[in-house]
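See below for the structure under consideration.
Protein chains in written order, with our numbering: chain A, 407 to 416; chain B, 6 to 218.
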């Protein structure tokens, strides 16, 4: 699984 | 949270407030694309489904609920209350193409294949092009009320500020990586290019926004 940041943006 | 991101969110909120002000003050939705508003509702509903599974912050949840409910309210005003003022004959952009575009990319570019991820990716691509019916309507009518032009400007500014926020986060947060968000966001901001130019020119002359035909 590639790393992707938590979806904390709107 | 950084200042660019916060200003981006606030600009997004301001855009919606301006649109509501315009509709309520003039008691009319002339010049506003129902199709664009409908697409935004689809964007918010498909993206913010994570409200039920992940909690990020109170700010985050409140904003999500606010975006969904205010857009639904705008659609209600346009569809029921001020329906007689809706300029249907100029709102002729074919949104089927935009939905097909977003759906196709949602199946090719998700981070991982799960329902929420695919819908989230769909919402990003759909948001990137959702302004097109509104810009097209503006192009065919040639000019619009001040509040409407401020609305479109604030909406474009929101994504432009988000782009600055991405550059900032990429350079300060190790591992911050959101390629689909970035590409869709830059596409979205780019669509406003022409509009920004004519908006600033009209502000300088102190006149209403008027597009060349």
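Ideal placement from N, C-alpha and C gives every residue a C-beta, glycine not left out.
Listed along chain A is no residue with a C-beta nearer than 8 Å to that of residue 210 of chain B; the closest approach is about 34 Å.
Taking a beta-carbon distance threshold of 8 Å, residue 36 of chain B does not count as an interface residue toward chain A. Only residues of its own chain outside the window of five on either side were considered, and among them 16, 17, 19, 20, 23 have a CB closer than 8 Å to the CB of residue 159 of chain B, listed in chain order. In this structure residue 103 of chain B is in contact with residue 131 of chain B, their Cβ atoms being roughly 7 Å apart against a cut-off of 8 Å.
Using a 10 angstroms sphere on the CB of residue 89 of chain B, the tally of other CB atoms stays under 16, which defines it as exposed. Taking the Cα positions, residue 216 of chain B is about 5 Å away from residue 147 of chain B.
At least one CB of chain A lies nearer than 8 Å to the CB of residue 182 of chain B. One Cα belongs to residue 74 of chain B, the other to residue 124 of chain B, and the distance between them is close to 19 Å. The straight-line gap separating the alpha-carbon atoms of residue 197 of chain B and residue 161 of chain B is approximately 6 Å.
Among the residues facing chain A, residue 125 of chain B is included, as its CB has a counterpart in that chain under 8 Å away. Within its own chain, the residues whose Cβ lies closer than 7 Å to the Cβ of residue 145 of chain B, once the five positions on either side in sequence are excluded, are 95, listed in chain order. Counting along the chain, the unbroken alpha helix (DSSP H) around residue 187 of chain B starts and ends at 184-196.
Residue 7 of chain B is outside the set of residues whose beta carbon lies under 8 Å from a beta carbon in chain A. For residue 123 of chain B, the uninterrupted alpha helix (DSSP H) run begins and ends at 120-134, by DSSP. In the DSSP assignment, residue 142 of chain B falls within the unbroken alpha helix (DSSP H) covering 137-146. Contact between the segment 77-91 of chain B and the segment 170-177 of chain B is not established, with fewer than three Cβ pairs separated by less than 8 Å. In the three-state reduction of the DSSP assignment, residue 86 of chain B falls in the helix class. Contiguous alpha helix (DSSP H) elements confined to the segment 32-85 of chain B occur at 39-52, 63-81, taking only those with 4 or more residues.
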